[in-house]
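I have placed the structure first, in the form of structure tokens, so that the comments after it can refer back to it.
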Amino acid sequence: MSTPQHLHLSAALDGAGWHPAARHRPGADPRPFTLDHWAGQALTAEAALLDFVTVEDPLSRAPGPGEELDRSLGHTLHRLDALTLAGALAARTEHLGIIPTVVFNTARPAPIAKAVATLDHLSAGRAGVRTQLSPTKPIPLETLFLPEVQEQLRKSFDRAAELVRVVRALWDGVTDEQALHELAPGRFTARDGIPGEWLLDPDPSTAPRPPQGHPVVFTLAHISVPWRYGAQVADVVSITPHGVEDVRTAVAEIRAEQQAVERAGQTVHVFADVLVHLDAEPGAARARRERLDAALGTEHTSDALVFAGTPAELADLLQEWQQAGLTGYRLRPATTAHDLPALGTGLVPELQRRGAYRTGYAEETLRERLGLGTAP
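Mapping the sequence shown onto the numbering used here, position 281 (from 1) lands on 281, and the numbers just tick up by one.
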């Protein structure tokens with residue numbers, strides 16, 4: 001019988017947890033904006049031997065006319081800056097990868113390249129960036145697949161792909177304007193005055209080349225357009241399947257696009273996001289989820305699969321989906337006070353017993369840990 005391949009595990013940190021009622025339950029940290037709160041989560045993830053954590057920083061949207069901010073659903077207009085927070089977490093940890101979210105809607109390449117390169121230096125090669133596109137207004141599901149909506153999505157993700165390519169070039173020390181212009185035709189304001197949305201400082205201040213060469217690029221992708229974007233430019237693409245057939249469909253499309261853009265020889269991880277309620281006793285996680293839903297006043301649903309069960313049941317699911325082509329997972333703790341520690345005390349030991357997870361940190365950089373090799 002062959003030895004199962006080791007899974008990669010990461011966690012998505014977001015305040016009190018991914019269930020909207022988490023912040024109102026006993027055990028929730030009453031000081032969610034302090035460094036101790038966030039550092040405690042990072043150290044818990046490091047004790048669990050996770051590959052990395054992501055730090056959320058989505059584009060906040062103020063209520064429109066006639067709308068109200070529904071705090072019972074976890075909506076908030078107040079978040080810490082993910083890049084700043086990531087630097088603080090890097091100083092409190094030794095091995096854990098730190099991947100802050102950067103919203104790409106209006107982002108420009110030079111500030112991103114410098115900030116993430118700085119984080120890579122401060123963390124001694126443990127940095128990454130999660131690229132995110134957040135709609136300025138909700139897209140109703142019934143209109144999502146209309147041709148005009150899909151075309152707008154394609155344009156947005158094409159811009160994001162060009163931005164990533166330019167950021168990678170800046171990490172490589174490319175300063176030639178013509179070379180950068182060719183990576184993103186029409187995006188830069190040219191010397192002849194033709195306007196573009198990105199500017200190149202004629203005498204830029206840049207960080208030294210990152211220790212990893214290229215810090216890890218992570219993206220979350222729900223449907224075909226962002227799947228293809230991830231295959232084109234990301235190192236880790238996390239999908240949101242609700243069953244094994246969803247996994248097979250997404251993995252097949254990502255691998256096909258990877259080959260089409262001549263990245264077939266490069267490692268591109270396909271993860272899945274799973275929101276987890278985790279307890280050792282059978283039935284306890286489901287009962288706890290029901291209490292959280294009762295506090296919310298409705299059943300909580302998510303873009304990702306919502307799992308409630310034991311570590312053994314979750315390990316079964318992760319390994320089943322692994323067989324369909326996944327290489328890892330980004331787990332979203334329903335409550336960080338309970339479910340994040342449960343990853344280290346329950347899930348990881350279960351996977352270790354099965355020979356499916358590491359027993360310690362070995363590699364020095366995040367790229368090495370993910371088997372990405374040296375950046376070109």
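Using N, Cα and C, we set each Cβ at its ideal position, and we do this for glycine too.
Measure the alpha-carbon distance for G311 versus G173 and round it to whole angstroms. The sequence shown places Pro at residue 311, rather than the Gly named in the question. The straight-line gap from Cα to Cα measures roughly 45 angstroms.
Are at least three pairs of beta-carbons, each pair with one atom in the stretch 279–291 and one in the stretch 239–254, less than 8 angstroms apart? no
Quick check on T106: does DSSP put it in helix, strand or coil? coil
Nearest-angstrom Cβ-Cβ length linking A356 and H6, presumed shorter than 8 angstroms: 6 angstroms
Hey, could you find the ends of the beta strand (DSSP E) Y329 is sitting in? 328–333
Work out the CA separation of A221 and T175 for me, nearest whole Å. 31 angstroms
Whole-Å CB distance - Y329 paired with H95, under 8 angstroms assumed: Y329 to H95, Cβ: 19 angstroms. No contact.
Check whether A42 and H121 have beta carbons under 9 angstroms apart: no
DSSP three-state assignment for V268, whether helix, strand or coil: coil
Pull up the distance between the alpha-carbon of A115 and that of R168, whole angstroms please. 13 angstroms
Just mark D57 as buried or exposed, buried being the case when its beta carbon has 16 or more other beta carbons within 10 Å. buried
Measuring CB atoms only, is the stretch 177–189 touching the stretch 211–228, in the sense that at least three cross pairs come out at less than 8 angstroms? no
Pick from K155, L326, V149: whose alpha carbon is nearest that of I139? V149
Which value, in whole angstroms, describes the spacing of the CA atoms of A91 and R354? 33 angstroms
Can you give the Cα-Cα distance for Y229 and T143, rounded to whole angstroms? 21 angstroms
Could you name each continuous alpha helix (DSSP H) segment of 4 residues or more that falls completely within the stretch 205–243, going from the start of the chain to the end? 224–233
Let me make sure I understand the geometry here. Which of I99, V55, L80, L13 has the alpha-carbon closest to that of L366? I99
Contacts around A48, its chain only, beta-carbon distance under 6 angstroms, and the 5 residues preceding and following it disregarded: L343, G344, V348
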